[in-house]
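The sequence shown runs 36 to 144 under my numbering.
Where is the CB? At the ideal position from N, CA and C, for every residue including glycine.
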Amino acid sequence: MLFSVDFFNQYFRGDQFIFFIVLFFVSIVLSVFVEISALRKVTAPSLKLNFSADRVRVFVIQVVLLIVMFTLVTWLVNFVDLIDHIVYGLVIYFFVGALFESCRYLRGR
Numbered sequence: 036m037l038f039s040v041d042f043f044n045q046y047f048r049g050d051q052f053i054f055f056i057v058l059f060f061v062s063i064v065l066s067v068f069v070e071i072s073a074l075r076k077v078t079a080p081s082l083k084l085n086f087s088a089d090r091v092r093v094f095v096i097q098v099v100l101l102i103v104m105f106t107l108v109t110w111l112v113n114f115v116d117l118i119d120h121i122v123y124g125l126v127i128y129f130f131v132g133a134l135f136e137s138c139r140y141l142r143g144r
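Here's what the structure looks like:
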């Protein structure tokens with residue numbers, strides 16, 4: 036079975052698992068918040084959301100990147116110490132990028 040308790044015990048130490056799960060969900064929340072705040076700017080007065088194809092495409096790409104990043108973390112986190120550090124760096128880089136992106140939208144770019 037792919038996603039069993041043994042699977043997670045094999046690839047994660049307890050504190051790493053919690054750390055990556057928290058980063059994963061915080062990044063999703065930030066991405067959704069960015070898209071909601073962007074959509075709020077283009078919402079018509081009649082409460083019909085005016086979805087832009089570019090905004091939907093960017094949101095889908097963000098979700099796919101999150102899934103790919105989580106998969107990489109799942110499979111590579113205990114493979115080699117070097118890969119371990121690279122994966123940590125990529126996850127933190129993506130998290131900081133999502134944070135800066137949300138701040139940029141909050142400032143009204």
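Asked                                                                                                      : Found
Rounded straight-line distance, which links the Cα of A133 to that of L65                                  : 6 Å
Of the residues V57, L58, S62, the one placed nearest Q97, counting alpha carbons only                     : S62
Outcome for V99 when other beta-carbon atoms lying within 10 angstroms are tallied against a minimum of 16 : exposed
Exposed unless 16 or more other CB atoms sit within 10 angstroms - verdict on V95                          : exposed
Whole-angstrom distance between L58 and V126, CA atom to CA atom                                           : 8 Å
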